[in-house]
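Numbering follows this note's numbering, in which position 71 of the sequence shown is assigned residue number 57; successive positions increment by one, without gaps.
Everything below concerns the one structure shown next.
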Amino acid sequence: MKTARIPASSQAFPIGKIVCLARNYAEHARELGNETPAAPVLFMKPASSVIGDGETVRIPGYSQECHYEVELAVLIGRECRAAGADRALEYVAGYGAAIDMTLRDVQNGLKAKGLPWEIAKGFDTACPLSDFVPASEVVDPHNLRLLLSVNGEKRQDGCSSDMINRVPEIVAYISRIFTLYPGDVILTGTPAGVGRVVAGDVMEAEIEGVARLTVYVQ
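Laid out in structure tokens, this is it:
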């Protein structure tokens, strides 16, 4: 069973559902030709998609265009149902770094047919995820620099201050739809600069002052 770890507190949670936000950074929405949404756009990844630091993303044979998306990950530590935004952060156990791997060609084909995206977003190895730091050690989750490089070349450099929906609103919104349990993870969207990786590439993701993550591509 995959676990989300907070080494500083010796806590580990079995990973449950992974709820992700699309188009939560306006510049990223624009770079893909999407409108900025009026409400959060959600999709899911299964726990089986998670890999850790030093592991390998395996691009499925049904895709020729696999993209990276660095994201701030939020780990839920307490059962949360219909929380108000004013108390939503009380349910957050930690923060980490994630890469939302996306089969862009597959996703675009599905979107054009009005079909769900899961096979483009939830394949095995589609969610590289770091360990988490305790939420108490992150002074402001909305003032964090998000970085991603491929083979040492910087590709993404953004700040969580540019999120359209912020963490309390995200947790509150999701908890009105799905009850959140300890070990559930929320991916909060990606800044602009997404692009393709191919077999042999090395990705390094970082949330400055929070977490680093290195993964390989095959």
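C-beta: ideal position from N, C-alpha, C; glycine also.
For residue i, does the count of other Cβ atoms within 10 angstroms reach 16, so buried, or fall short, so exposed?
i, result
"R162", "exposed"
"S35", "buried"
"N151", "buried"
"Q142", "buried"
"P26", "buried"
"S147", "exposed"
"L166", "buried"
"K140", "exposed"
"M87", "buried"
"A185", "exposed"
"Y77", "buried"
"K251", "Outside the shown range of the chain, which is -13 to 204, sits residue 251, and nothing can be said about it."
"A83", "buried"
"M149", "buried"
Going by DSSP, what residues sit across from residue i in a beta bridge?
i, result
"V188", "Y202"
"A8", "V27"
"A(-10)", "F(-1)"
"P120", "G80"
"V36", "C113"
"A197", "I193"
By DSSP, does residue i sit in helix, in strand, or in coil?
i, result
"E139", "strand"
"P154", "helix"
"E57", "strand"
"Y77", "helix"
"L130", "coil"
"R90", "helix"
"A106", "helix"
"A(-2)", "strand"
"L173", "strand"
"I160", "helix"
"G63", "coil"
"P46", "coil"
"G95", "helix"
"A69", "coil"
How about residue i and residue j: are their beta carbons less than 7 Å apart?
i, j, result
"V183", "C6", "no"
"V136", "M189", "yes"
"G80", "P168", "no"
"P127", "S(-5)", "no"
"T22", "Y202", "no"
"L115", "V56", "no"
"I4", "A(-10)", "no"
"V118", "P46", "Before going on, a small fix: residue 118 reads as Phe here, not Val. Going by C-beta atoms, F118 is not nearer than 7 Å to P46."
"G144", "L130", "no"
"A191", "I85", "yes"
"T111", "R67", "no"
"A59", "V171", "yes"
"L89", "P154", "no"
"A158", "A12", "no"
Residue i: beta carbon under 6 Å from a heavy atom of the ligand MG?
i, result
"S(-4)", "Absence of the ligand MG from the depicted structure is noted, as is the absence of any ligand whatsoever, leaving it without description."
Inter-stretch contact (C-beta, 8 Å, three-pair minimum) for the region 158 to 176 and the region 89 to 101: No, the region 158 to 176 is not in contact with the region 89 to 101.
Inter-stretch contact (C-beta, 8 Å, three-pair minimum) for the region 186 to 196 and the region 23 to 32: Contact between the region 186 to 196 and the region 23 to 32 is absent, because fewer than three Cβ pairs lie under 8 Å.
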